[in-house]
Amino acid sequence: MEKVSIIIPVYNRKELLARTLSSVAKQTWRPLEVIIVDNGSDDGTYEYALEWRDANSVEGLHVEVMREERRGACYARNTGLCAATGRFTLFFDSDDTMRPTLVERAVNGFRDHPEAEIVCWKCLIHTLDGKSKVAPFYPDRGMECHLVHALLRTHGYMAPTELFRKAGGWNEILPCWNDWELGVRMLLAVGVSGRERRGKIAGVPEILADIYSQKDSITGDSFSRKVGLWERSLEAVRQTISASRSENKRGMLQTVAYRGMILAACYKKESRPDLAADLLNGMSDDRSLSLMAKIVMRLLYHYTASGGRGAWRIARLFLAPSD
5 MEKVSIIIPV
15 YNRKELLART
25 LSSVAKQTWR
35 PLEVIIVDNG
45 SDDGTYEYAL
55 EWRDANSVEG
65 LHVEVMREER
75 RGACYARNTG
85 LCAATGRFTL
95 FFDSDDTMRP
105 TLVERAVNGF
115 RDHPEAEIVC
125 WKCLIHTLDG
135 KSKVAPFYPD
145 RGMECHLVHA
155 LLRTHGYMAP
165 TELFRKAGGW
175 NEILPCWNDW
185 ELGVRMLLAV
195 GVSGRERRGK
205 IAGVPEILAD
215 IYSQKDSITG
225 DSFSRKVGLW
235 ERSLEAVRQT
245 ISASRSENKR
255 GMLQTVAYRG
265 MILAACYKKE
275 SRPDLAADLL
285 NGMSDDRSLS
295 LMAKIVMRLL
305 YHYTASGGRG
315 AWRIARLFLA
325 PSD
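For the sequence shown, the numbering used here begins at 5 and goes up steadily by one.
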């Protein structure tokens, strides 16, 4: 039986961690290695994690509790990745929960699709207003889906431990969209660069994780509050794509530009047209975009900023093919 490592970074989440760890303990798959990495908590989270380890470590469920003093979830995740001994690894956040069959269905995804190097699943997002929605899930569209919708979000996929290491682990200087940036490197590492998946990505069409928005992580002005940080991730992905050997660089770079346009529209909706203008001006100098594509992007910016939805369906008609 393949051992699976579950890596959970945690910072001051004592009250919520119990719910997450309970869902981990209820997994139908064994053997499991649970690695909890405390990131400098001062509310008793670390002590609680030690207590949970002592109470729940049994045959088939090995629990490690570690500390990473360098502040940032990516540091904590990489510390856990270095310690992981499972054949497969998945990362999970300390305020979300797993459905009981998550690990089992993911492992079976690899068994059912021997050519797959990544298995992803559906996630249900619970928002602060009490509503819920299924995160976009189009595994058959490969890199295109990830660049637009973040297919490989933190809690939404499993991969061989060595693949995470081969891709370089988490980018520790990116506080925002770091799972999106890692996902790009993961897909490039297995040769996926367009709409196709070439058998490398297997999708489990079931909701296997519940994601809960928190007041201290989701705010009404969350984009403009972190101006510059989102752009840093966009630039990191541009550099990764430009340095790759993919034949689809232009298509991928255009899709990254589209994501930048969506960010500009979010700034506009948050009453920061000055920030939006900076992004749009940069788009004007983007050599990956044709004149027609730039015009369409501008139009879609105004459409999206006004509350329009589904802009990607229009944009993909004017961008370079992603296949």
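Beta carbons are placed, not taken as given, at the ideal position from N, Cα and C, and that holds for glycine.
(request) From the DSSP output, in three-state form, read off S228 for me. (result) helix
(message) Pairs of beta-carbons, one from the segment 121–131 and one from the segment 205–213, closer than 8 Å: are there three or more?
(response) yes
(message) Beta-carbon within less than 7 Å of W181's beta-carbon, same chain only, minus the 5 sequence neighbours each way: which residues are those?
(response) W234 and S237
(request) On the DSSP bridge assignment, give the partners of S9 in chain order. (result) E37 and T93
(request) Using DSSP bridges, identify the partner residues of A206. (result) V123
(message) Between the alpha carbons of A281 and A268, how many angstroms are there, rounded?
(response) 7 Å
(message) Give me the DSSP bridge partner(s) of R71.
(response) R71 is bridged by DSSP to D42.
(request) Could you round the C-beta distance between L85 and I11 to whole angstroms and report it? I think they count as a contact, below 8 Å. (result) 6 Å
(message) With H, G and I counted as helix, E and B as strand and the rest as coil, what does DSSP make of L212?
(response) strand
(request) Consult DSSP for T101 and reduce its assignment to one of helix, strand or coil. (result) strand
(request) Let me know the secondary structure DSSP gives H66 once reduced to three states. (result) Three-state result, H66: strand.
(request) Apply the 10 Å Cβ neighbour rule to T89 and answer buried if 16 or more other Cβ atoms are within range, or exposed otherwise. (result) With fewer than 16 neighbouring CB atoms inside 10 Å of its own CB, T89 falls in the exposed class.
(request) Write down every uninterrupted run of the alpha helix (DSSP H) in the segment 261–318 whose length is 4 residues or greater and which is fully enclosed by it, in chain order. (result) 277–288 and 295–309, all fully within the segment 261–318.
(message) For chain C, check one thing: does any of its Cβ atoms lie closer than 8 Å to the Cβ of V8?
(response) Given the protein chain composition of this structure (a single chain), no chain C is represented.
(request) Just list the beta strand (DSSP E) runs in the segment 106–175, keeping only unbroken ones of 3 residues or longer that don't cross its boundaries, in chain order. (result) For the beta strand (DSSP E) assignment, the uninterrupted runs of no fewer than 3 residues enclosed by the segment 106–175 are, from N- to C-terminal side, 122–130, 136–138 and 161–164.
(request) With DSSP as the reference, label V14 as helix, strand or coil. (result) strand
(message) In this structure, how does DSSP classify K253 when only helix, strand and coil are distinguished?
(response) helix
(message) Is it buried or exposed, E121, if we count other Cβ atoms within 10 angstroms and call 16 or more buried?
(response) buried
(request) Could you tell me the boundaries of the alpha helix (DSSP H) in which T32 lies? (result) First-last for T32: undefined, no H or E at that position.
(request) Determine the burial state of R291: buried for a count of at least 16 other Cβ atoms within 10 Å of its Cβ, exposed for fewer. (result) Exposed: under 16 other Cβ atoms inside 10 Å.
(message) Looking at the secondary structure, which residues open and close the alpha helix (DSSP H) in which A240 lies?
(response) For A240, the enclosing alpha helix (DSSP H) begins and ends at L233 to A247.
(request) Could you tell me which of A261, S98, S310 and A309 sits nearest to D214, measuring between CA atoms? (result) S98
(message) Suppose you measure from the CA of P13 to the CA of E73; what does that come to, to the nearest Å?
(response) 12 Å
(request) On a CA-only basis, which of E166, E63 and I177 is nearest R75? Give me that one, please. (result) I177
(request) Please look up how many angstroms separate the CB atoms of M162 and F92, rounded, as I've assumed it's under 8 Å. (result) 5 Å
(request) State yes or no: is the C-beta of Y307 within less than 8 Å of the C-beta of A315? (result) Going by C-beta atoms, Y307 is nearer than 8 Å to A315.
(message) Looking at the secondary structure, which residues open and close the alpha helix (DSSP H) in which C78 lies?
(response) A77 to A87
(request) Tell me whether L178 sits in a helix, a strand or coil according to DSSP, three-state version. (result) coil
(request) Determine the contact status of E108 and A87, defining contact as a CB-CB distance below 8 Å. (result) no
(message) Quick check on DSSP: helix, strand or coil for R23?
(response) helix
(request) Compute the beta-carbon to beta-carbon distance between Y52 and L21, rounded to the nearest angstrom, for a pair I have assumed lies under 8 Å. (result) 6 Å
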